[in-house]
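Taking it in order: structure first as structure tokens, then the write-up.
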Amino acid sequence: SAVISQKPSRDICQRGTSLTIQCQVDSQVTMMFWYRQQPGQSLTLIATANQGSEATYESGFVIDKFPISRPNLTFSTLTVSNMSPEDSSIYLCSVPNTGLPEAFFGQGTRLTVV
Amino acid sequence: AQSVTQPDIHITVSEGASLELRCNYSYGATPYLFWYVQSPGQGLQLLLKYFSGDTLVQGIKGFEAEFKRSQSSFNLRKPSVHWSDAAEYFCAASASTGNQFYFGTGTSLTVIP
Chain D
843 SAVISQKPSR
853 DICQRGTSLT
863 IQCQVDSQVT
873 MMFWYRQQPG
883 QSLTLIATAN
893 QGSEATYESG
903 FVIDKFPISR
913 PNLTFSTLTV
923 SNMSPEDSSI
933 YLCSVPNTGL
943 PEAFFGQGTR
953 LTVV
Chain G
2 AQSVTQPDIH
12 ITVSEGASLE
22 LRCNYSYGAT
32 PYLFWYVQSP
42 GQGLQLLLKY
52 FSGDTLVQGI
62 KGFEAEFKRS
72 QSSFNLRKPS
82 VHWSDAAEYF
92 CAASASTGNQ
102 FYFGTGTSLT
112 VIP
């Protein structure tokens, strides 16, 4: 199984600022996924980050708002830009289990925008 | 379009009672199915998964789930609930290896003494 470390675990930010969330995996993975979990709701995929290429964003999410970096096979960052209170959510990164359909999830970053 | 539905937003059970959490999916073909649990302040932990074969799958912490193709369901069960089972439970589906997951809206479980 993969061990995923996310930083920060939580943060309170002022509106209009940006926050970068880091995701570190203890093994090399081709694909990493970023999800958002709004209060009281389920997880929604933001984007898929492949090493060496641009991230692929889901409908409703854009690169200017959620820029993603994927500099190597064990690390990715998600930035939440120009934040508003509507961005208050838990953000989780996820990696697939190699060769299997299941996935592992980080513990999430709980973001509150005030 | 692919979707996963969890009809029950919140369930309360007494400790020691049995539990069943419902999950229905809508997919073009039979997807891979999962149940995850999220305890307060924690990430998602995989309880069990269904890929193919035996439709009754066993998971960790005494949970099991049954896949019923005719009903497009994958309900989670536990014969005797413990107070530590109080958490948010998510049903999820994936079309293939390495693909994105589609999650249900979650069921919040409260266990009363």
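Respectively, the protein sequence lines represent chains D and G. According to my numbering, the residues represented by the first sequence are 843 to 956, in order. According to my numbering, the residues represented by the second sequence are 2 to 114, in order. Glycine residues also receive a C-beta, built at the ideal position from the N, C-alpha and C atoms.
1) At least one CB of chain D closer than 8 Å to the CB of Ser-95/G: is that the case?
2) Using a cut-off of 8 Å between C-beta atoms, extract the partners of Gly-858/D located in chain G.
3) Using 8 Å as the limit for Cβ to Cβ distance, is Ala-945/D near chain G?
4) Along chain G, in chain order, which residues have C-beta atoms closer than 9 Å to that of Leu-953/D?
5) Is the beta carbon of Pro-850/D closer than 8 Å to that of Thr-951/D?
6) With 16 other CB atoms within 10 Å as the buried threshold, where does Thr-111/G fall?
7) Hey, is the region 31-47 of chain G in contact with the region 91-108 of chain G, meaning 3+ C-beta pairs nearer than 8 Å?
8) Just list the beta strand (DSSP E) runs in the region 60-103 of chain G, keeping only unbroken ones of 3 residues or longer that don't cross its boundaries, in chain order.
9) Is the region 925-943 of chain D close to the region 867-885 of chain D, with three or more CB pairs under 8 Å?
10) In terms of alpha-carbon separation, which member of Gln-883/D, Gln-848/D, Gln-880/D, Ala-945/D lies closest to Cys-865/D?
11) Distance cutoff 8 Å, beta carbons only. Does Gln-59/G sit that close to anything in chain D?
12) Compute the beta-carbon to beta-carbon distance between Gln-893/D and Leu-915/D, rounded to the nearest angstrom, for a pair I have assumed lies under 8 Å.
13) I need the straight-line Cα distance from Ile-846/D to Thr-56/G, nearest angstrom please.
14) So, Ala-791/D versus Arg-912/D, is the Cβ gap smaller than 8 Å?
15) Considering Cα atoms alone, identify which of Pro-927/D, Phe-908/D, Val-955/D, Glu-944/D is closest to Ala-844/D.
16) Could you tell me which of Pro-938/D, Ser-918/D, Pro-909/D sits nearest to Asn-924/D, measuring between CA atoms?
17) Starting from the Cα of Glu-21/G, find the closest Cα among Asn-100/G, Ala-66/G, Ala-87/G, Ile-113/G and give me that residue.
18) Which residues share a DSSP beta bridge with Thr-111/G?
This is what the structure gives:
1) yes
2) Going along chain G, no residue has its Cβ under 8 Å from Gly-858/D, so there is no contact; the nearest lies around 27 Å.
3) yes
4) Those within 9 Å of Leu-953/D in chain G number zero; the least Cβ separation is about 14 Å.
5) yes
6) exposed
7) yes
8) 65-69, 74-79, 88-95
9) yes
10) Gln-848/D
11) no
12) 5 Å
13) 30 Å
14) What is shown of chain D runs 843 to 956, which leaves residue 791/D out entirely.
15) Glu-944/D
16) Pro-909/D
17) Ala-66/G
18) Thr-13/G
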